[in-house]
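First the structure, in the form of structure tokens, and then the observations on it.
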Amino acid sequence: MLVPPLFDEMNRMRKMLVDVMQALHALDISSFLPDLPGTNESLLPLEQATLAGWQQAVEACAQQHQITHIASFRAGVLTVAEMPAASHWMLSPVKGAAILRTMMRTRVAADREAGLTTSLSGLTEQAGAGPIELAGNIIGSDLFSQLNAAGIPALQNQRIVRLASDNKPGDVQIDGSALWLRAEPDDDPAMSSAIAQDIAAWMDK
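Using this note's numbering, read the sequence shown as starting at 808 and increasing by one per residue.
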């Protein structure tokens, strides 16, 4: 099972995730990419979603399909924190606060262009009082506070993969592009292939 990044990073990396799944299929590994509650085809409004709800949904999905190996991307790792029995492959894991900070900076810049004055502290305070719009996403107070407190999970059976350009600690590095930083959705076929190869090798261990 592949767990997607959160918010805009999912949109930017969707093509890459599809490419990874196709590359895994070529290696005789079946995979699927579930929608988190409040995203894509889900009927739940995003402002009603919570991190705890995402964790419960991912765990239920894994149990239903008898999943033992989970590959999570970026802040998607936050949704698997309550699944210590599974084996976890993680690409460039990131804290929830870092994702929120990036989206708040985008909001501050957009407000400035519109002649408005906002700040990170002001947006954080606003999020504590009710739903807040960040980068086109309506995020409820519970989701905001839960993400803000969520660190990268430390699980017993995990493999952290980072880009060769990333100096943060990890178990292995691969060449590739930080697609989550692109202004528009993009792909990196060589990186998608490398990811699939590493997942396959990890599953064989």
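For each residue, glycine too, the CB sits at the ideal point set by N, CA and C.
7 Å CB neighbourhood of residue i in its chain, flanking five on each side removed
| i | result |
| --- | --- |
| Asn955 | Gly903, Ala904 and Leu907 |
Simplified DSSP state of residue i, which is helix, strand or coil
| i | result |
| --- | --- |
| Ala942 | coil |
| Ala878 | strand |
| His895 | strand |
| Leu809 | strand |
| Glu889 | coil |
| Ser1000 | helix |
| Ile959 | coil |
| Ser837 | coil |
| Thr931 | helix |
| Gly845 | coil |
| Asp1005 | helix |
| Gly883 | helix |
| Asp1013 | Residue 1013 lies beyond the residue range present for the chain, which begins at 808 and ends at 1012; the question has no answer from this structure. |
| Leu853 | helix |
Same chain, Cβ closer than 8 Å to residue i, five either side skipped, listed in chain order
| i | result |
| --- | --- |
| Lys822 | Pro992, Asp993 and Asp994 |
| Gly977 | Ile967, Val968 and Arg969 |
The beta strand (DSSP E) enclosing residue i, as first and last residue numbers
| i | result |
| --- | --- |
| Arg966 | Gln965 to Leu970 |
| Gln980 | Val979 to Ile981 |
Residue i: first and last residue of the uninterrupted alpha helix (DSSP H) it sits in
| i | result |
| --- | --- |
| Phe951 | Ser948 to Ala956 |
| Met820 | Asp815 to Ala833 |
| Trp987 | Run containing Trp987: none; DSSP gives neither H nor E here. |
| Thr913 | Gly903 to Glu920 |
| Glu866 | Leu858 to Gln871 |
Cβ-based neighbour list, residue i, same chain, cut-off 6 Å, excluding 5 preceding and 5 following
| i | result |
| --- | --- |
| Met910 | Leu941 and Ala942 |
| Pro841 | Cys868 |
| Leu831 | Ser838 and Ala1003 |
| Pro938 | Glu854, Ile945 and Gly947 |
| Ala916 | none |
| Trp896 | Ala878, Arg966, Ile1006 and Trp1009 |
Candidates the options: closest to residue i by CA position
| i | options | result |
| --- | --- | --- |
| Leu851 | Ala864, Leu840 and Arg912 | Ala864 |
| Glu816 | Val901, Ile959 and Pro938 | Val901 |
| Leu898 | Ile981, Ala1008 and Leu858 | Ile981 |
| Gln933 | Val979, Met890, Gly947 and Gln953 | Gly947 |
| Phe814 | Ser984, Asn847 and Pro891 | Asn847 |
| Gly860 | Arg881, Ala869, Gly922 and Leu843 | Leu843 |
| Leu853 | Asp835, Ala916, Asp949 and Pro996 | Asp949 |
| Ala1003 | Val810, Arg819, Pro811 and Ala833 | Ala833 |
| Gly983 | Thr925, Ser1000 and Ala990 | Ser1000 |
| Ala856 | Asp826, Ser952 and Val810 | Ser952 |
| Val972 | Ala985, Gln870 and Pro960 | For the sequence presented, residue 972 should be read as Ser rather than Val. Of Ala985, Gln870 and Pro960, the residue nearest in Cα terms is Ala985. |
| Asn964 | Arg912, Gly929 and Met1010 | Met1010 |
| Gln1047 | Gly883, Pro811 and Ser837 | In the structure as shown, the chain starts at 808 and stops at 1012, and residue 1047 therefore has no counterpart that could be examined. |
| Asn944 | Glu889, Thr913 and Ser928 | Thr913 |
| Leu885 | Pro996, Gly958 and Asp1005 | Gly958 |
| Ala893 | Gly883, Ala878 and Thr924 | Ala878 |
| Gln871 | Ser849, Ala882, Met808 and Thr924 | Met808 |
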